[in-house]
Structure formats: structure tokens, C-alpha cells
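Participant:
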Amino acid sequence: MNGPPDDDPARGAPPPLPVDLAPPAPQANTPAGIVSLDAPPSARDIREATLLKEGDLFLLTDAEGNVPRKNREGYGLYLGDTRFLSSYELAIQGLRPTILLSSDHAHFLGAQVLTNPNLVTPEGQAVHEQTIQIRRYRLVRPTEVNESLTFQNYNRFPVTLDVELHFEADFSDMFEVRGIVQGARKGKPHAPEHTPTVLRFRYDGADGLARRTEVRFDPTPDRLATCTASYRIELRPGGSTCITLGVSVDASPLTNTNGPPMPRRALAGYKQWLAGQVGVETSNSLFNAIFAKARNDLRVLLSGDPDAPFIAAGIPWYACLFGRDTILTALLYLWISAEPARQALRLLHHHQGTRDDPMRDEEPGKVMHELRRGELARLGVVPFSPYYGTVDATPLWIILLAEYHRATGDLDLVRELRPNLDAALLWMERYGDRDGDGFLEYACRSEAGLVNQGWKDSTEAITHPDGTLAEPPIALVEVQAYAYASRRAAARIYRALGDPARAASEELRAAKLRDAIDVAFWMPAENAYAIALDGDKRQVATVSSNPGHALWAGAVPHARGELMARRLMEEDLFSGWGIRTLSTRAARYNPTGYHLGTVWPHDNALIALGFKRYRQEPLALELVTALFEAAQHFPAYRMPELFCGFARSAFGVPVRYPVACSPQAWAAASWATLLASLLGLSPNAPGNELRIVRPTLPRWLHWVEIKRLPVGRGEVDLRYQRVEEHTAVDVAAMRGDVKVTFVDTWEEDGTYPPNLTNP
Numbered sequence: 001m002n003g004p005p006d007d008d009p010a011r012g013a014p015p016p017l018p019v020d021l022a023p024p025a026p027q028a029n030t031p032a033g034i035v036s037l038d039a040p041p042s043a044r045d046i047r048e049a050t051l052l053k054e055g056d057l058f059l060l061t062d063a064e065g066n067v068p069r070k071n072r073e074g075y076g077l078y079l080g081d082t083r084f085l086s087s088y089e090l091a092i093q094g095l096r097p098t099i100l101l102s103s104d105h106a107h108f109l110g111a112q113v114l115t116n117p118n119l120v121t122p123e124g125q126a127v128h129e130q131t132i133q134i135r136r137y138r139l140v141r142p143t144e145v146n147e148s149l150t151f152q153n154y155n156r157f158p159v160t161l162d163v164e165l166h167f168e169a170d171f172s173d174m175f176e177v178r179g180i181v182q183g184a185r186k187g188k189p190h191a192p193e194h195t196p197t198v199l200r201f202r203y204d205g206a207d208g209l210a211r212r213t214e215v216r217f218d219p220t221p222d223r224l225a226t227c228t229a230s231y232r233i234e235l236r237p238g239g240s241t242c243i244t245l246g247v248s249v250d251a252s253p254l255t256n257t258n259g260p261p262m263p264r265r266a267l268a269g270y271k272q273w274l275a276g277q278v279g280v281e282t283s284n285s286l287f288n289a290i291f292a293k294a295r296n297d298l299r300v301l302l303s304g305d306p307d308a309p310f311i312a313a314g315i316p317w318y319a320c321l322f323g324r325d326t327i328l329t330a331l332l333y334l335w336i337s338a339e340p341a342r343q344a345l346r347l348l349h350h351h352q353g354t355r356d357d358p359m360r361d362e363e364p365g366k367v368m369h370e371l372r373r374g375e376l377a378r379l380g381v382v383p384f385s386p387y388y389g390t391v392d393a394t395p396l397w398i399i400l401l402a403e404y405h406r407a408t409g410d411l412d413l414v415r416e417l418r419p420n421l422d423a424a425l426l427w428m429e430r431y432g433d434r435d436g437d438g439f440l441e442y443a444c445r446s447e448a449g450l451v452n453q454g455w456k457d458s459t460e461a462i463t464h465p466d467g468t469l470a471e472p473p474i475a476l477v478e479v480q481a482y483a484y485a486s487r488r489a490a491a492r493i494y495r496a497l498g499d500p501a502r503a504a505s506e507e508l509r510a511a512k513l514r515d516a517i518d519v520a521f522w523m524p525a526e527n528a529y530a531i532a533l534d535g536d537k538r539q540v541a542t543v544s545s546n547p548g549h550a551l552w553a554g555a556v557p558h559a560r561g562e563l564m565a566r567r568l569m570e571e572d573l574f575s576g577w578g579i580r581t582l583s584t585r586a587a588r589y590n591p592t593g594y595h596l597g598t599v600w601p602h603d604n605a606l607i608a609l610g611f612k613r614y615r616q617e618p619l620a621l622e623l624v625t626a627l628f629e630a631a632q633h634f635p636a637y638r639m640p641e642l643f644c645g646f647a648r649s650a651f652g653v654p655v656r657y658p659v660a661c662s663p664q665a666w667a668a669a670s671w672a673t674l675l676a677s678l679l680g681l682s683p684n685a686p687g688n689e690l691r692i693v694r695p696t697l698p699r700w701l702h703w704v705e706i707k708r709l710p711v712g713r714g715e716v717d718l719r720y721q722r723v724e725e726h727t728a729v730d731v732a733a734m735r736g737d738v739k740v741t742f743v744d745t746w747e748e749d750g751t752y753p754p755n756l757t758n759p
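Going by full-length UniProt numbering, the sequence shown opens with residue 1, and the numbers climb by one from there.
Have a look at this one:
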């Protein structure tokens with residue numbers, strides 16, 4: 001991830017804006033404002049938030065459906081990294097209703113059932129609590145929110161109520177909401193305007209965009225003044241009445257202020273999203289619910305232009321395009337659907353670095369980190385338009401390209417993207433390897449960029465065992481493993497493209513790198529690799545989860561792999577709910593630290609697949625079971641971005657992280673990879689072959705059915721059945737030219753799940 005909401009900049013952003021909305025060139029006198037990586041967070045706690053989203057528009061509220069005034073949780077209505085409503089409150093007789101039920105199960109359609117506290121009507125009549133019901137329904141579309149409010153009287157006498165709906169629009173940039181940037185905006189806010197039925201807010205940004213919010217009411221309010229619509233409603237005994245309202249948002253150039261809102265088309269529906277994906281059904285209803293939630297969460301996160309969609313990294317802080325996150329999400333989900341991978345490859349190649357720009361940490365051939373669309377990014381106050389401060393997105397993009405080809409056999413896209421592949425490999429050699437030692441290192445060059453540029457990118461993430469921060473340039477162990485895997489992947493691509501000489505060259509580089517990783521990073525006393533090498537090439541000898549990614553990438557000699565797998569499951573790393581990011585023995589260990597001891601689902605999913613690769617099925621089963629049991633404690637079975645690293649024995653339930661994104665892309669996609677680690681699925685589309693490697697179901701899964709699994713020009717239906725301690729597989733159906741083989745080891749040249757060389 002791109003650091004917690006409380007200690008570093010941002011993450012990514014959606015696809016290119018239309019030409020007329022492209023960011024203006026930063027002006028020489030553009031105010032810098034205050035940019036702080038260590039600023040106190042404005043957003044404090046979103047664990048009880050309710051989310052509705054469709055397209056790029058999302059509404060984050062409290063459980064009652066309100067956006068309270070001056071809230072510090074980051075609640076609001078957002079589009080394009082801008083908060084278009086900062087208050088959206090319902091009150092009756094000046095009081096907050098009492099919540100009975102809150103649901104966002106449909107993702108774009110939400111409901112709250114509320115009731116009254118004890119109150120006194122305008123006539124002085126006492127109304128007992130829970131005798132007025134308020135049903136609040138919302139529908140979120142790509143550029144508007146529609147709401148109906150129904151009030152029903154269950155008293156045996158008529159009731160008169162004063163109802164108020166209060167709105168405010170601060171048009172804050174996401175970096176301001178998060179407390180990272182202060183005092184930078186120099187745009188012009190307009191005073192709210194209203195007619196009898198419409199309330200309008202407008203902000204003319206210094207970036208040349210006019211941002212507007214319009215609220216429409218039906219019926220006409222009894223009073224509409226400043227920011228509040230007031231109704232006096234009369235309810236007969238058993239009677240009801242309804243108020244409807246619509247909230248539309250728009251960002252358009254100031255030179256066309258009277259034009260229509262930017263046109264948007266609705267993205268594909270949820271049924272269409274699932275229609276082309278592999279079907280999964282199991283004997284365990286809880287797992288089915290978890291898996292279904294994860295699938296739908298990825299659809300919730302689908303964002304961007306309909307012609308260039310992408311899965312946003314997470315809500316609310318990272319509702320934008322990210323290099324690393326987009327790639328890993330696609331990799332984790334690839335056997336279920338190849339479409340996110342195709343979209344990611346195409347979209348990211350458009351943003352591949354072309355110049356040397358220290359402000360954005362950009363270099364030729366480098367894959368971007370994040371792209372933002374808010375005012376501060378468009379003005380150049382923050383460098384995320386796009387920003388390139390990631391050392392791992394480039395090798396991961398190469399891996400994704402090769403794995404996409406393995407999953408689909410689509411050589412046309414590979415040919416199209418070969419120039420991008422060549423440029424990415426050239427970046428690894430010329431820019432990524434700063435000192436010519438064969439390792440990829442990073443050091444931030446931007447004044448407003450990320451200090452750490454791996455997936456653990458918070459400021460204190462990379463520390464020596466005594467707590468001293470590692471000095472750059474830093475070579476992370478998992479990044480070297482990605483580089484190794486990417487060269488193996490590139491060799492497969494070049495061979496498919498008919499370039500055996502280049503393939504042999506990349507294989508030789510990979511073999512040398514694998515040996516170098518083992519020599520430089522191995523810590524005999526810990527039976528693990530160090531997390532990194534610092535700027536002096538000293539081991540950063542802290543025990544962490546990072547080496548688990550080297551197992552996933554196949555970059556560890558077999559004997560070392562068995563030792564490392566067991567080390568990752570020791571008590572200081574394994575909490576009982578999952579593997580922590582940092583050992584409890586480390587000086588900076590903190591179970592609530594963003595990368596200092598928390599548990600990340602995607603991190604664990606990659607490690608589980610690494611266990612599978614190195615024939616550690618019992619450990620994989622234990623880890624998958626721990627995550628499955630953890631997921632049952634989260635609302636709606638939705639696995640968040642991360643959770644706290646307290647031992648399972650401490651509280652008996654996983655402790656939620658206050659500002660974790662939920663839903664979050666790679667957390668949702670992790671379930672596909674966790675299941676793949678159990679099933680041993682290894683499709684090879686170019687060879688029209690499905691290999692099944694040592695399938696092993698846990699005790700809580702008696703059977704698993706897989707339907708419509710594409711393999712080259714055919715597809716397969718499978719049924720896995722647990723029989724005592726063994727797992728049997730029945731090929732229920734095969735359609736087209738495909739063969740299924742049962743094997744004991746991963747293929748030498750790799751397949752998906754990522755197993756890019758045979759340990």
C-alpha cells in the first residue's frame with residue numbers, strides 16, 4: 001500500500017481525464033502549501049462506516065446514513081479525489097434519530113431503518129421513543145445520489161414533526177481530508193445558492209475546474225435557507241409521508257461553466273461482472289459468503305472511464321489507479337478472471353515513464369505508482385499526477401504480462417506490449433540498479449514523495465533490529481525476488497515471441513540474481529532472509545513477512561524455502577489470525593502500526609501460495625484456515641486492507657484497524673489465491689493444458705466445485721472431494737481442446753499461480 005492515511009502521501013488515481021480536463025501546467029507561482037508525511041490524521045476511525053459506490057462516485061457515511069458536520073472520520077460524498085459533500089445530516093425535532101438497521105449489501109443501494117428518540121412535537125405533545133419509523137433508501141449512480149425518506153407514525157394519535165436536512169460542501173482535496181496537505185488551495189468558493197426546490201454549491205478550483213454539487217428536493221421544502229431544508233410534516237395515526245431528494249455532482253472547465261455535466265456511462269452491472277468469471281461453490285456456506293463478498297467488492301471498486309476501467313485500490317483513501325495494487329490484484333484474481341489483468345496491462349502501459357523527472361520520481365520505462373485527479377495533484381502541489389515512487393511495480397508488470405499470456409494464450413496483446421516490456425527491463429538495468437550490483441534499489445528524489453517505495457511504504461517500515469531507520473538506497477528482499485521472477489517471465493515471453501537468444505539472456509540474468517539474493521540476504525541465525533540491504537549494503541536484519549514473497553516468486557533454494565516457511569509460522573510472526581508484517585521481537589514492533597506488526601490479507605495470500613510451491617501444504621492449510629476464521633469476525637465477512645497484529649489468544653477476535661480501507665482490492669482478490677493454494681490449479685493456455693498440483697482441502701471444506709475454468713481453446717468443470725485425509729478430483733466436464741494432468745511439482749517454466757521456476 002501507499003502508507004497509512006496518517007503518515008505519508010497518497011496512492012494512485014484513475015485513467016486519463018478527457019482532453020479538455022487535462023491538468024494545466026503548474027504555474028511558477030503555484031503555492032506549495034504544507035505537505036507533511038507525518039501530519040496528524042484528519043480521518044480518525046472509519047470502522048463503522050457505510051459505503052455506497054458506483055463508478056467513480058462514492059458516499060461514505062456513519063451507520064445512520066449521515067455525514068456529520070465537521071466530522072473527522074472523512075465521511076462525505078467523493079468524486080475524483082474531491083469531497084463534494086462534507087455534511088449530509090437528517091434531524092427530527094433537532095435530534096438524531098436512533099438506528100435500528102443499516103445495510104449497504106447491494107453496494108450501490110443502501111438502506112437505514114431509523115426510529116425516534118423521546119421527543120416533544122412543535123405543539124408540545126410528548127411522543128414516546130420508537131413510535132415513528134424512518135426508512136432511508138439511497139441509490140448511487142455514477143454522477144448522482146437519489147434518496148427517499150419515508151416517515152411512518154405508529155402512534156394512535158396524529159404527530160407533527162419538524163424535519164431538517166442539512167448540507168455542506170467544502171470541496172476538500174483527499175490530501176486535505178487525510179491531513180497530509182494544509183493551506184495549499186487557492187481556489188474560489190462560492191456562497192451556497194438556492195431556489196425553492198434546489199440547493200447549489202460551487203467551488204472554482206485554481207486548477208481550472210469548476211466543481212459543483214446540486215441538491216434537489218421533492219416536495220418543495222417549507223423553508224430552504226443557506227444549507228438547510230426544513231419540512232413540517234403531519235402524520236395521521238398509522239399514516240406515512242415521503243421526501244425524495246437527488247444529489248448530483250459535476251466537475252467541468254471554467255471556460256464552459258454553463259455546459260452540461262461531464263458525460264458518464266454506467267459501468268457493467270454486477271451480474272455481467274460475474275457472468276464471464278469462473279464459478280466457485282463449496283460445501284461451506286461461510287466460505288461461500290466470504291468469497292461472494294470478495295467478488296462483489298472488486299466490482300464495487302471498478303472505476304474509471306467505461307472504455308478504460310480499472311479496479312481502484314481501496315475506499316475511501318485510495319479510490320484511484322495504482323501501479324502495484326492494480327497489478328497484484330490482477331495477479332491474485334487471474335485464474336478467476338483475466339479481464340482485470342488485461343485492463344491493468346493496457347492502462348498502465350499508457351502511463352509508463354518516458355523522462356527523468358525527480359519531482360515525480362519518474363524515469364524512462366518505469367511503471368507508475370499512483371495517479372490522482374484532485375485539485376492539488378492537478379496544480380502540482382503534490383506529485384501524484386502521476387507519481388512513480390515505487391520500485392516494485394515495474395518487475396510486477398512484467399510478471400503480470402507473462403502470467404496473463406499463460407492464463408489466456410493472448411499473444412496479440414503480448415506483441416503489442418513488447419516495446420513496454422523492453423523499456424521496463426531497460427529501466428531495471430539502467431535506473432533500478434543504481435550501483436550495478438544486480439539488485440534493484442530505491443531512494444526518493446521528490447521533495448513530496450515516498451521515503452520508502454516498496455509495498456511497505458510508510459516512513460518507519462524498514463528498520464534495523466534496534467529500531468534504527470534504514471538509510472537509502474534500500475534494496476528490499478521481495479523486490480529482488482520480483483526482479484528474479486520478472487526475468488524468468490520475460491524469458492517465457494521472448495521465447496513465445498520467437499526470440500530465443502533474448503530469452504536465454506534473461507534466464508542467465510535470473511539465475512545469477514537468485515544466487516546473489518541467497519548470499520546477500522540469508523540470516524543463518526534466523527533461518528530467514530533479511531528484510532533489506534541498506535545504503536551501505538548492510539543487512540537490515542529484521543525478521544518480517546517480506547521474505548514470504550520470495551517463496552511466492554520461487555527465488556529461494558529448496559532447502560532454504562522449507563526453513564523459511566517454518567520460520568514464518570513461529571509465534572513472533574504468526575498471530576493465530578495471520579502472519580504479521582513484523583516480528584514481535586523487533587524494536588519497532590507495534591500491533592497497530594501500519595507496517596510494523598499488523599496482518600495484511602494479500603501478504604498472507606502470497607505467502608500461502610509460497611508455502612504451496614515449497615511443498616509445505618500443512619502450513620498453507622493452517623494459514624488459510626486462520627484467515628478464514630478471521631474473516632468471519634468482520635462486518636459482512638469483508639476482509640479489510642489490514643487488521644491489528646494482536647495475538648489470537650489476547651482477545652479471541654481479530655482487532656480492527658481504525659482507518660483500514662474496506663473494501664480494498666488486493667484484500668478482496670486474496671481469496672482467489674488462497675483458494676488456488678488449496679486446489680493446486682495451474683492452467684497453461686498456450687498448451688491447452690490444466691495441471692493440478694497436489695490438491696489439499698482443509699477439514700472445513702468437504703467439497704469444492706469449479707465451473708467454466710478456461711484453458712486455452714477449451715474449459716473445464718472440476719469437483720474436489722475431501723476423503724478422510726486425502727483430496728480427490730473429478731473432471732466433471734471438458735469442453736473444447738483441453739487436457740487435464742495431475743502432477744507433483746510446478747512446471748519448470750512457471751504457470752499461474754505464480755511459480756516462475758521450479759525450486
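Glycine included, each C-beta is placed from N, C-alpha and C at the ideal position. Fair warning: this is a prediction, and the values are worked out from it, not measured in the lab.
Would you mind working out which of Asp410, Asn688, Glu447, Ala461 sits nearest proline 593, comparing C-alpha positions?
Facilitator: Note on identity: in this sequence residue 593 is glycine, with proline being the wrong assignment. Taking only the C-alpha atoms, the option nearest glycine 593 is Ala461.
Participant: Between alanine 481 and chain B, is the shortest Cβ-Cβ distance under 8 Å, so that the two count as touching?
Facilitator: Judged by its chain identifiers, the structure shown contains no chain B, having just a single protein chain.
Participant: Please return the same chain residues whose Cβ sits closer than 6 Å to the Cβ of valine 743, not counting the five positions on each side in sequence.
Facilitator: If we look at valine 743 and ignore the five residues flanking it on each side, its Cβ neighbours are Arg691, Val693.
Participant: Would you mind sorting arginine 351 into buried or exposed? The rule is 16 or more other CB atoms within 10 Å of its CB.
Facilitator: First, the residue type needs correcting, since residue 351 is histidine and not arginine in the sequence shown. Buried.
Participant: Please list the terminal residues of the continuous alpha helix (DSSP H) segment that includes tryptophan 666.
Facilitator: 665-679 is the extent of the alpha helix (DSSP H) around tryptophan 666.
Participant: Kindly list the residues whose CB is nearer than 8 Å to the CB of leucine 21, restricted to its own chain and excluding five residues on each side of it in sequence; keep chain order.
Facilitator: For leucine 21, the predicted model reports a pLDDT of 34, less than 50, meaning its position is unreliable; a value from the coordinates is still stated below. Answer for leucine 21: Leu209, Ala251, Ser252, Pro253, Met262, listed in chain order.
Participant: Contact between the stretch 354-367 and the stretch 328-342 is defined here as three or more beta-carbon pairs at a separation below 8 Å; is this criterion met?
Facilitator: Taking 8 Å as the limit for Cβ pairs, the verdict is that the stretch 328-342 does not touch the stretch 354-367.
Participant: Does DSSP classify valine 738 as helix, strand or coil?
Facilitator: DSSP places valine 738 in coil when its eight states are reduced to three.
Participant: Which of the three DSSP states is assigned to methionine 523 in this structure?
Facilitator: It is a strand residue.
Participant: Would you call histidine 369 buried or exposed, if buried means 16 or more other Cβ atoms sit within 10 Å of its Cβ?
Facilitator: Label assigned to histidine 369: buried.
Participant: Tell me, to the nearest whole angstrom, how far the beta carbon of leucine 298 is from that of arginine 418; I am working on the premise that it is less than 8 Å.
Facilitator: About 29 Å; that fails the 8 Å criterion.
Participant: Can the beta-carbon of residue 781 be found closer than 8 Å to that of tryptophan 397?
Facilitator: Outside the shown range of the chain (1 to 759) lies residue 781, about which nothing can therefore be said.
Participant: What are the boundary residues of the alpha helix (DSSP H) that phenylalanine 651 is part of?
Facilitator: Looking at the DSSP string, the run of the alpha helix (DSSP H) that includes phenylalanine 651 is 648-651.
Participant: Would you kindly work out how many angstroms separate the C-alpha atoms of serine 87 and alanine 169, rounded to a whole number?
Facilitator: Rounded to the nearest angstrom, the two C-alpha atoms are 7 Å apart.
Participant: Helix or strand or just coil, what does DSSP make of aspartate 744?
Facilitator: Note: aspartate 744 maps to coil in three-state DSSP.
Participant: Please state if the CB of tyrosine 637 and the CB of alanine 630 are separated by a distance shorter than 8 Å.
Facilitator: Cβ atoms of alanine 630 and tyrosine 637: not closer than 8 Å.
Participant: Going by the CB atoms, is the gap between glutamate 89 and valine 67 shorter than 8 Å?
Facilitator: The answer is yes: Cβ separation under 8 Å.
Participant: Within this structure, are the beta carbons of residue 760 and proline 473 separated by less than 8 Å?
Facilitator: This structure leaves residue 760 out entirely; the chain is present only between 1 and 759.
Participant: Note down the Cα distance separating leucine 573 from alanine 407, rounded to an integer number of angstroms.
Facilitator: Straight-line Cα distance between these residues: approximately 33 Å.
Participant: Using C-beta distances below 6 Å, list every residue in its chain close to glutamate 689, excluding the 5 sequence neighbours before and after it, in chain order.
Facilitator: Taken in chain order, the residues that qualify are Lys739.
Participant: Between Gln152, Val711, Tyr318, Pro591, which lies nearest to aspartate 737 when the distance is taken from Cα to Cα?
Facilitator: Of Gln152, Val711, Tyr318, Pro591, the residue nearest in Cα terms is Val711.
Participant: Can you check which of these residues, Ala503, Ser486, Pro465, Ala660, is closest to alanine 530 by C-alpha distance?
Facilitator: For alanine 530, the nearest C-alpha among the options comes from Pro465.
Participant: Just to confirm, are glutamine 130 and asparagine 116 a CB contact at a threshold of 8 Å?
Facilitator: A contact, by the Cβ cut-off of 8 Å.
Participant: On the three-state DSSP scale, how would you describe histidine 726?
Facilitator: Here histidine 726 sits in strand by DSSP.
Participant: When burial is assigned at 16 or more other CB atoms within 10 Å of the CB, is lysine 366 buried or exposed?
Facilitator: Lysine 366 is buried by the Cβ-count criterion.
Participant: Taking the alpha-carbon positions, what's the proline 196 to glutamate 144 distance?
Facilitator: Those two C-alpha atoms are separated by around 20 Å.
Participant: Given this structure, state the Cα-to-Cα distance separating methionine 569 from leucine 619, to the nearest angstrom.
Facilitator: Spanning the two alpha carbons is a distance of roughly 8 Å.
Participant: Going along the chain, which residues of its own chain have a beta-carbon closer than 6 Å to the beta-carbon of histidine 595, five neighbours each way excluded?
Facilitator: Correct list, in chain order: Lys456, Ser458, Ala461, Thr581.
Participant: Within 7 Å: the Cβ of threonine 160 and any heavy atom of the ligand SAM?
Facilitator: Of ligands this structure carries none, so the ligand SAM is not represented either.
Participant: Based on Cα-Cα distance, which residue from Gly438, Cys320, Pro547 lies nearest to cysteine 661?
Facilitator: The option with the nearest alpha carbon to cysteine 661 is Cys320.
Participant: How big is the Cα-Cα spacing for valine 599 and arginine 585?
Facilitator: Roughly 16 Å between the two C-alpha positions.
Participant: Relative to the alpha-carbon of glutamate 471, which residue among Tyr720, Arg495, Ala443, Tyr482 has its alpha-carbon at the smallest distance?
Facilitator: Checked all of Tyr720, Arg495, Ala443, Tyr482; the closest Cα to glutamate 471 is Ala443.
Participant: Taking C-alpha atoms, which residue in Leu376, Ala289, Thr463 lies nearest to alanine 668?
Facilitator: The candidate whose alpha carbon is nearest that of alanine 668 is Ala289.
Participant: Helix, strand or coil: how does DSSP classify leucine 606 here?
Facilitator: DSSP places leucine 606 in helix when its eight states are reduced to three.
Participant: Helix, strand or coil, according to DSSP, for residue 789 in the structure here?
Facilitator: Residue 789 cannot be examined here, being either before or after the span of the chain that is shown, 1 to 759.
Participant: Any contact between the stretch 551-571 and the stretch 606-616? By contact I mean 3 or more CB pairs, one from each, below 8 Å.
Facilitator: Segments in contact, yes.
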